[in-house]
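All remarks here apply to the structure that follows.
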Amino acid sequence: MAAGSALLVGLVEEFVSGQQDSKAADTATGLKAGQFTILQLVEALGLHLASSQPQTRARGVQLLSNVLQQCHGDLTEREVDVLLAFYENRLKDHYVITPHVLKGMEALTKCSVLPPGSAVSILKSLFQDVHVQSLMLVERSCVYNILTQLMESRESELKGLGADFVFGFVQSVDGERDPRNLLLAFQIARKIIHGGYDLGKFTEELFEVTSCYFPIDFSPPPNDPHGITQEELILALRAVLTGTPRFAEFLLPLIIEKLDSDVQSAKVDSLQTLTACASVYEHKELAEFLPGLWASLRREVFQTASERVESAGLAALGALTACISRSVLNSDSEDYLDVFLDLVLKDCQHHLCEPDLKLVWPSAKLLQATSTASYRASHRVAAAIMPSLIEQYNSRTQCAQRRTLLEVLQGFVQPAKSSEDESVLLDFRQSLCSIVFSALSENSAGLQITSLRVLTALSQQTVLLLESDVELAVDHLTRLILEEEDAKVSLAVVECAGALAGLHPLAFISKLVPRLKGEIFSESMAQGDCATPSQEHSQQAVRQRCLTALAAVSSRPSVVQESTPVLLQVLTSSHTGTGLFSLEEVISVCHNLQRIAEHAQDTEETGHVFHDIIIPRLLGLALQAAMRGSSDHPSPLVEESVLSAMVPVISTTCARLQSQLAGQTATRAVSLFLDGDMSFLPENAFPSQIQLLKKQAGDSWSQSQMVCLLMGCVCSLPRSVEVPQIDRLLLELEELSCTCGHPFSYTSAAKCYAGLVNKRPAGEALDSLIDGTLKRISTELDCASSSVRTQAFTLLLWVAKALLLRYHPLSTALTDKLFSLLSDSELGSLAADGFSLLMSDSPDVLNRGCNADVRIMYRQRFFTENSAKLVQGFNSAAQEKKSGYLKALSHIVNYLPRQVQLTELPALLPLLLEALSCPDQAVQLSTLSCLQPVLMDPPSALITQLEALVGRTLTLTTSPAMKVRIASLRCIHALSRFPEHEIMPFRARVLRALAVPLDDLKRMVRSEAVVARNEWFLLGSPGGR
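Numbering of the sequence shown is given in my numbering, commencing with residue 9 and proceeding in unit increments.
In structure tokens, the structure reads:
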């Protein structure tokens, strides 16, 4: 123990006299190790603490406080009691000691063994002996932390102080300016208000000491390490000001005053604070200030040019109305809601009678905000304004005025309140329906579009549309689909039909679907040979609208069961030649089937429709077309564009199917393609032996290209669904992709192979499969005379993407093979473009929508692992081979997130500048597309290369390729954002060069040149930056 005592004395001397701050940590270590106690440390400090020199006493207290900050958890209650008495006494000492005393007291308040009554003692000492605002920032923070700690651990003791605690806090925080401490102070004030502390007669003082910061006007300094934002302070202060109704008499006049400010942020903050108040206050707190608040809100909405202020004002008005609506009426009390609504209606209602004047919209918005607040308010406002609006609409004759009135009506219908089965608009149901249906019969496109939106809004409230109204609405929608050629009206009709069909499917099944089907297959539509070109175009437009409408209304399973057979019948008719449908219409049918698959309700009933009817029918039709082959009258279903449109229908369906149905689909598809099992196909009249995955004799490819449909079936299944006979299937796909001479067929086979490999579980089986595939690919690629090098390359590319997405270790071997092909004379250009495919999202396979295994940030990982290889290959390649490396680099960088681009750009800049000089226009375009977003906020590395950047981009403004000229002009425009002193020397040169594209033959080029030249012309001028 003597040794410990000697050690302690030495440590104390070295810290106090030797000014060695590191000895505090050594002292804490010794204390934790049990070499001495905290009271022995106090005894060892005795002479220093009793010194006549304030600085010596301060060093002694500093050592004790530093040790306590590390060891406060090991103290006993007796030790804490002694130390607290010591520290409270030292608060009366010299001011240089106070900061260290506060740090020690902060440490002691964290002790779990704080003696009873000590919290009160600490606070009394702080409030009496410390003038907080005369302290430095850190010491003031200590005080706030002490208060916070005690409020969390000794709340009952603090509440025993009554209002004295609130008064002490008010004195402590009064005058605080630092945002870090203000955040702490606001948190303490919030706890006082919400914790039930007695405010006593200091309610106004607490409000004044916090409200003096309202509204917050704080902009954090650049690179602020503390990360305190203006929004944090605003929310913290708002929680204080709106925390209790007792602040209402002070806060509401303050808000009215601050709304007169010219600063937009102050207005928004005031309005948002008022909104927050309304959720806490009751009507009695608001009653006195309602006229003033309404006047301020009306002024802000009527006069503001800011959408933020307007939306905040409307939100505040709605919140006030909702608050007043919660008041409980007595027989002898005044209805504050009626009084307030009288004010609103008096100032706004008459403006609705003037649809030509600008105040109609602010008035309508104010009334709508009031109406949406509560059922009572909605009922009162609707009763006051709906008769007037309906009467005006019926009496006006100008379409513009009627449209304005209808748009105002829409605003009241859309958010109308309902109480159980009753709507506030029930009394006006017949008039509203009459207005809507009459507007749908008008020739004004704007009036029709607005009426369709009102009809959609009416349909959302079930009590407003009777069955007869729904049927009449369907008749109008059907007429507009068949007759209306305006694109905007057609879009609005389709949206309205989709909304109504989800609520009233029977009306659409009985009326719209049969009518559209009849129109699609009508005799006049079929007589294509006798029609003039304009008539034929019009007929095709009608059919397209019918097809789109059928897809739009097919959200409910019952409608899907009726609409999809019509679409399938179009495909059947086009295949058999009984209907003169164009190729574009056939493709449109597939796209609309895909929309139904995407948006129909995901129910078992819908799943069965697609599983039992649509997928077998599509496969059957495609197979019939393939068997017919290239006869005198080939089916449009053998066209690549049609098959490509069928794939998303099948893949979207399979991705959403329930597991059981998905498994059955996989089994059927694999049996069809491997074994020729056609038992599930409708109208099964096929040869008994077909082999869809075998290479066909001669140049026939009609059957092999059906592999794309197999891809849709098996590559989008959930990963939990096991694909049957997968090993045999992969072998057949590999064989087809490496031997078939038809590009669409071997590409689809490679994509299907890659989609299955991507989802296959990791293990020896997968590694062995990839090794075998890579050997075969390498054999073909390494043989310059091979006739299937392109096929092998395509398979390599898709398998590399499949493995890259899932971070498979063997992906490196395949991507290295791709890098080696950049120098290949035959495949070098394809290999360079292949990196675009590796980095981009594939629409039909290997994406998250197809349930593929896609890891996050795979692009960044690929770039990190391979950028050095790319640079090394470029440096070692022959001059004529360098363009491939540059193209590959630009593709890779193009798909990286912008932040990664900025980080990696300095190292890659020389190569990118080299790419701008490459004669390959694809390289130039890709590089310019990569540089342009980076130039908008240039890193310092770009500024040092300004000479090369300006020169090479100006050269490309006269490129033969229009896209390159446009991209280069956008880069020139972006260069004008560089620091003015850096780019000023290039101004004259750029302006001379931009005179040429101003006379370009292409309007888009001229437009970009004008924008770029304007920016450069204004450099250095009073009107410029």
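Idealized CB from N, CA, C, for every residue including glycine.
One question on the structure: do residue i and residue j come within less than 8 Å of each other, judged by their Cβ atoms?
i, j, result
"H484", "F445", "yes"
"C926", "V901", "no"
"S898", "A923", "yes"
"V128", "G168", "yes"
"L764", "Y754", "no"
"C716", "S652", "yes"
"L463", "A481", "yes"
"L349", "V389", "yes"
"G326", "T380", "yes"
"Y866", "V807", "no"
"L214", "V271", "no"
"F210", "Q179", "no"
Could you give the C-beta distance for residue i and residue j, rounded to a whole number, given that I count them as a contact under 8 Å?
i, j, result
"Q932", "S891", "That belief does not hold up - the Cβ atoms of Q932 and S891 are roughly 10 Å apart, past 8 Å."
"Q602", "T660", "6 Å"
"L803", "A758", "4 Å"
"R553", "S498", "6 Å"
"S596", "L555", "5 Å"
"K889", "S837", "About 11 Å separates the two Cβ atoms, so there is no contact after all."
"L829", "F871", "Between F871 and L829 the Cβ distance is about 19 Å, and since that is not below 8 Å, they are no contact."
"V471", "L434", "6 Å"
"L777", "L738", "7 Å"
"L665", "T673", "6 Å"
"S649", "A608", "Contact doesn't hold; Cβ gap of about 25 Å is too wide."
Shortest alpha-carbon distance to residue i belongs to which of the options?
i, options, result
"E1034", "S287, L345, K266, H291", "Past the edges of the chain, shown from 9 to 1033, lies residue 1034, and the structure says nothing about it."
"G506", "E475, S518, V567", "V567"
"I528", "Q77, S581, D477, E492", "S581"
"I332", "W302, V432, D355", "W302"
"A605", "L588, E593, L575", "L575"
"V478", "L455, A453, I517", "I517"
"G720", "D685, L626, E163, S687", "L626"
"D945", "H981, S1015, L921, E503", "H981"
"G749", "K702, V722, L718, L91", "K702"
"L466", "S431, L488, S449", "S431"
"T584", "C598, A630, P624, V462", "A630"
"A453", "R411, E318, C746", "R411"
"Q43", "E570, F255, V578, L15", "L15"
"L39", "N74, E22, A58", "N74"
"K7", "I200, L365, R306", "This structure leaves residue 7 out entirely; the chain is present only between 9 and 1033."
Exposed or buried, what is residue i when buried is set at 16 or more other beta-carbons lying within 10 Å of its beta-carbon?
i, result
"P299", "exposed"
"S884", "exposed"
"A930", "buried"
"M9", "Unreliable placement is indicated for M9, whose pLDDT of 44 sits below 50; the coordinate value is still reported in the next sentence. It counts as exposed."
"T935", "buried"
"H102", "exposed"
"L725", "buried"
"T281", "buried"
"L689", "buried"
"T84", "exposed"
"A33", "exposed"
"Q27", "exposed"
"S304", "buried"
"H619", "buried"
"E788", "buried"
"I457", "buried"
"I864", "exposed"
"S532", "Its pLDDT being 46, under 50, S532 is placed unreliably by the model, and the measurement read from it follows with that caveat. By the neighbour-count rule (16 or more Cβ atoms within 10 Å), S532 is not buried but exposed."
"Q63", "exposed"
"V1013", "buried"
"L1026", "exposed"
Is residue i near the ligand ATP - that is, is its Cβ less than 7 Å away from at least one heavy atom of it?
i, result
"T580", "Absent from the structure shown: the ligand ATP. Ligands present: none."
Next on the checklist: Just to confirm the assignment: which complete alpha helix (DSSP H) runs, minimum length 4, are found wholly within the region 707-786?
Outcome noted: Entirely contained in the region 707-786, the alpha helix (DSSP H) runs reaching 4 residues are, in chain order, 715-722, 734-747, 751-767.
Checklist entry - Which whole runs of the alpha helix (DSSP H) in the region 554-589 are 4 residues long or more, in chain order? => result Qualifying alpha helix (DSSP H) stretches, in chain order: 565-584.
Item to check | Uninterrupted alpha helix (DSSP H) stretches inside the region 65-106 (no shorter than 4 residues) | outcome: Whole alpha helix (DSSP H) segments, 4+ residues: 85-98.
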